[in-house]
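Residue numbers (my numbering), protein chains in the order written: chain G, 25 to 172; chain L, 25 to 172. C-beta: ideal position from N, C-alpha, C; glycine also. Here is the structure we will look at, set down as structure tokens.
2 protein chains.
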Amino acid sequence: MRAADLAAPFPTVRRDTPAIEAARLLAGQDLPGLIVLDGNGYPATVLAGTQVLRMAIPQYCQDDPTLARVIDEQAADLFLRELGDRTVAQALPEHGRGLAVVAADATVLEIAALMARTGNPLVAVIDKHKQLLGAVTLDALLDRLLLE
Amino acid sequence: MRAADLAAPFPTVRRDTPAIEAARLLAGQDLPGLIVLDGNGYPATVLAGTQVLRMAIPQYCQDDPTLARVIDEQAADLFLRELGDRTVAQALPEHGRGLAVVAADATVLEIAALMARTGNPLVAVIDKHKQLLGAVTLDALLDRLLLE
């Protein structure tokens, strides 16, 4: 089994997509993450869902989540407003743990090793022209290996 | 909105649950992760789905996923057999990025900050006796904040 056999269509966003729109896409379709395309339609990066969420969170709370306790409940309920006019580009991690992208002929072990290393349950599959073929999610991978 | 308002029932495993059974639970119910209870029924840890997967992956592939390429396709298809007789306890990360557990009165911002920091789309909610009340998934959190 190769990545091309597992790759399924997956929604994409662009670097200039508003972050709030990306969050709505994630929520509305229960996606494990998002594939971000660059201007040429190539997968520029693959964001795990928690990385999209991170955009909305004040830096001091990211460093120490217990500090979020100083924000009262009413204000906390509205924290996603912090996304404001920010774009997906501003959510991109500065220091990635490796780009979650594989070639069409990658084996299931290569895909799994990449998910384990990046902590990202979503991997983009590209063809030889670096165009997006589709995505493999952790769910899809495990389903194929364990349930069929 | 507090953690107790968001907490929903969630399957749990124990430290001595076979890892392969944990993987089947993840796959069968499309879970974002697993809550591991200790002998007293307290959440001992919360594993992201990719951490469960990591158990099955040879160490050299974890360090460098491209090395997985040396394994041929037929052998790669069977990599989950590496789980063998291992238990969930053997999958527990040695150096966690913070335990994904919150108290019942945690705000949505506290939950979100914890997800962002740990990279884990699953948070366990405990009561004052440290018993599991339920879980909040990233999907559930975003649904409540964005779609209702």
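If the five residues before and after residue 25 (chain L) are omitted, its C-beta is found closer than 6 Å to the C-beta atoms of 132, all from its own chain and listed in chain order. The beta carbons of residue 81 (chain G) and residue 148 (chain L) sit no closer together than 8 Å. Nearest C-alpha to residue 129 (chain G) among L:72, L:105, L:101 and L:84: L:101. Only those residues of the region 80-91 of chain G whose C-beta falls short of 9 Å from the nearest C-beta of chain L are listed: 80, 81, 82, 85, 86, 87, 88, 89, 90 and 91.
Buried is the label assigned to residue 73 (chain G), since at least 16 other Cβ atoms lie within 10 Å of its Cβ. Inter-segment contact for the region 99-113 of chain L and the region 35-54 of chain L is present: three or more beta-carbon pairs are separated by less than 8 Å. Here the region 47-58 of chain G makes contact with the region 160-171 of chain L; the two share three or more CB pairs at distances below 8 Å.
Between residue 95 (chain L) and chain G, the shortest Cβ-Cβ separation is below 8 Å. Around residue 32 (chain G), the same chain offers 158 as residues with beta carbons nearer than 6 Å, after the five sequence neighbours per side are excluded.
Rounded to whole angstroms, the gap between the alpha carbons of residue 96 (chain G) and residue 106 (chain L) is 47 Å. Taking 8 Å as the Cβ-Cβ cut-off, the region 53-76 of chain L approaches chain G at 54, 56, 72, 73, 74 and 75, given in chain order.
CA-CA distance, residue 70 (chain L) to residue 79 (chain G), rounds to 23 Å. Within 10 angstroms of the beta-carbon of residue 134 (chain L) lie 16 or more other beta-carbons, which makes it buried.
Residue pairing by DSSP places residue 127 (chain G) opposite G:150 in a beta bridge.
Checking the DSSP bridge columns, you'll see residue 38 (chain G) partnered with G:61. Chain L places no beta carbon closer than 8 Å to that of residue 33 (chain G), leaving this residue out of the contacts. Counting only residues of its own chain and dropping the five nearest sequence neighbours on each side, residue 124 (chain G) has a CB closer than 7 Å to the CB of 70, 138, 142, 144, 146, 147 and 148.
Residue environment: residue 94 (chain G) is assigned as exposed (fewer than 16 neighbouring CB atoms within 10 Å of its CB, all protein chains considered). For residue 55 (chain G) and residue 35 (chain L), the gap between their C-alpha atoms comes out near 20 Å. Using a Cβ distance threshold of 8 Å, residue 155 (chain G) and residue 63 (chain G) do not count as a contacting pair. The beta carbon of residue 45 (chain L) does not come within 8 Å of any beta carbon belonging to chain G, so the residue lies off that interface. The beta carbon of residue 44 (chain L) sits closer than 6 Å to those of 107, all from its chain and outside the five residues before and after it, given in chain order. Taking the CA atoms as reference points, residue 171 (chain L) sits about 27 Å from residue 84 (chain G). A Cβ-Cβ separation of about 10 Å leaves residue 58 (chain L) out of contact with residue 67 (chain L) under the 8 Å criterion. The residue from G:30, G:27 and G:46 with its alpha-carbon nearest to that of residue 116 (chain G) is G:46.
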